[in-house]
Structure formats: C-alpha cells, structure tokens
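Protein chains in written order, with our numbering: chain H, 4 to 116; chain E, 4 to 116.
Following: one structure in structure tokens, then a few remarks.
2 protein chains.
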Amino acid sequence: MTAPAPSYYKHHIFFCLNERTNGEVSCGPHGARGMYERCKARVKELGLAGPGGVRVNQAGCMNRCQGGPVCVVYPEAVWYTWVDAEDIDEIVESHLKNGQVVQRLLTPPHLGR
Amino acid sequence: MTAPAPSYYKHHIFFCLNERTNGEVSCGPHGARGMYERCKARVKELGLAGPGGVRVNQAGCMNRCQGGPVCVVYPEAVWYTWVDAEDIDEIVESHLKNGQVVQRLLTPPHLGR
C-alpha cells in the first residue's frame with residue numbers, strides 16, 4: 004500500500020514506557036521515561052524536531068516485552084533494544100540525524116511478548 | 004532507507020490520548036481512550052492482532068493537535084482524524100483488515116500543532 008502523501012515525520016520514534024505490576028517484564032522499570040526524555044531533548048538540541056523531521060513519542064506497551072526496553076522508528080519500522088544513555092545518543096546521532104541504522108541495537112526479530 | 008527486516012507488525016496504529024490542561028486543544032478530551040479501546044477490541048475480535056498483523060497502541064501527544072483527535076498507521080504513515088465510533092470501525096474494517104485507506108478521514112497535511 005502506498006501512502007497518499009510523504010510521511011509527515013521523516014522519523015517518528017516511539018518509546019514504550021509501560022510499567023507492569025504483575026511480575027512480567029516490561030520496559031518502564033528500565034528507566035524508559037528518562038531515556039525518552041533524553042532522546043527528545045537531544046533531538047531538539049540538534050534542530051531535528053518537527054514536521055519533515057523527527058518526532059519523539061511516548062507510547063504504551065508495544066508487546067515486544069521480551070526484547071525490551073524497546074523503541075521503534077517509523078516509517079522504516081526499525082526496532083531497537085537499548086541499554087543505556089549511550090545507546091540513545093547513538094540512535095539519535097546515527098539513525099535520526101544521519102539515517103544510518105544502528106545494527107548492534109536491533110531487537111532480535113523473534114522477540115515478542 | 005530500507006528496513007533490515009519486514010515490519011514486525013503489518014499495521015501499527017497509534018492513538019494520541021494526550022489531555023492538555025492549559026486550554027490548548029488536545030485529543031484526549033474527544034474520548035480518545037474509549038476509541039483506542041474500541042479499536043483494540045475490534046482488532047482482537049477479528050483475529051487481526053499480533054506479529055505480522057495489527058497492533059493497536061496508545062501514545063502521547065503526536066503534535067498534530069490542530070488535526071485532532073488523531074491516530075496514525077505505520078509503516079504506511081497514514082494519519083486519520085476521527086470523529087466517532089463509526090469512523091474507528093471503518094478504519095479497522097477498511098484499512099487494518101483490508102488495506103484500503105479511508106480517504107474521507109485523512110488528516111489534512113498542513114495541520115500540525
């Protein structure tokens with residue numbers, strides 16, 4: 004299916020901030036909110052934010068908890084499993100700024116909930 | 004840029020559930036949570052949910068408030084402005100089930116925050 008117009012955002016990145024309280028793994032307890040905020044601030048500093056550029060978004064559970072903490076970049080549908088702030092900075096610099104996928108952080112394709 | 008693998012979800016739809024309290028327009032007060040839940044339930048009933056299928060997600064502000072209430076379907080980057088439950092049902096049936104964009108609900112391209 005072809006989109007009727009170019010993507011409103013060149014890169015739209017969603018961070019799962021979900022916190023489960025039933026003992027199942029989830030992204031929130033890994034510090035997801037802080038990493039979302041770091042990503043958003045860095046994108047703004049670099050002047051990448053806005054229509055035709057980058058949007059950094061918070062999201063609920065994206066059901067890939069076993070690969071968490073995760074974020075996903077659309078429209079290219081690239082999923083990342085991040086560990087720390089350095090990973091976030093690399094995603095911003097390499098992918099969101101320069102369009103290069105960070106291979107070492109890709110979520111293994113078989114990991115779902 | 005080419006994704007390194009097929010999109011994990013065929014259609015990943017995000018609903019803005021943001022509620023502003025500063026007087027600016029936002030999606031939440033239009034009943035976004037209920038519509039998100041309706042969409043999610045319907046997708047599940049139709050057997051569309053899961054990897055390779057559809058994921059219905061809640062999200063924070065996607066900064067297209069003037070076009071709200073909005074949802075966006077990725078990886079095809081199609082934005083919708085919905086009004087009521089019939090609109091949601093049409094998005095599910097036409098787009099998420101049959102891959103046909105619902106032209107009448109497309110968010111006007113110039114509408115941002």
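In this text, a Cβ means the ideal position worked out from N, Cα and C, and glycines have one as well.
Everything numeric in this text was worked out from a predicted model, so none of it was measured.
Which chain H residues sit within Cβ distance under 7 Å of residue i?
i	result
residue 65 of chain E	58 and 60
Take residue i as the anchor and find which of the options has the nearest alpha-carbon.
i	options	result
residue 13 of chain E	E:79, E:90 and E:86	E:79
residue 45 of chain H	H:93, H:25, H:35 and H:28	H:93
residue 59 of chain H	H:115, H:32 and H:48	H:48
residue 43 of chain H	H:26, H:21 and H:15	H:15
residue 54 of chain H	E:21, E:67, E:102 and E:10	E:67
residue 28 of chain E	E:72, E:95, E:81 and E:99	E:72
residue 113 of chain E	E:84, E:105 and E:101	E:84
residue 23 of chain H	H:51, H:63 and H:41	H:63
residue 115 of chain H	H:69, H:36, H:82 and H:100	H:69
residue 20 of chain E	E:26, E:99 and E:34	E:34
residue 51 of chain H	H:96, H:111 and H:104	H:96
residue 11 of chain H	E:91, E:108, E:56 and E:65	E:65
residue 18 of chain H	H:32, H:101 and H:107	H:32
residue 61 of chain E	E:30, E:86 and E:88	E:30
residue 81 of chain E	E:89, E:109, E:56 and E:88	E:109
residue 56 of chain E	E:37, E:9 and E:88	E:9
Could you work out which residues of chain E lie near residue i, taking near to mean beta carbons separated by less than 7 Å?
i	result
residue 82 of chain H	11
Could you name the residues of chain E that residue i contacts, counting a contact when the two beta carbons are closer than 9 Å?
i	result
residue 115 of chain H	11, 53 and 54
Which chain E residues are close to residue i, counting only those with a beta carbon under 8 Å from its beta carbon?
i	result
residue 78 of chain H	77, 78, 79 and 80
Which residue marks the beginning of the alpha helix (DSSP H) containing residue i, and which one marks its end?
i	result
residue 87 of chain E	It is not in any alpha helix (DSSP H) - residue 87 of chain E carries neither H nor E in the DSSP assignment.
* Can you list the alpha helix (DSSP H) stretches of 4 or more residues lying completely in the region 12-73 of chain E, in chain order? -> Fully enclosed alpha helix (DSSP H) runs of 4 or longer: 35-48.
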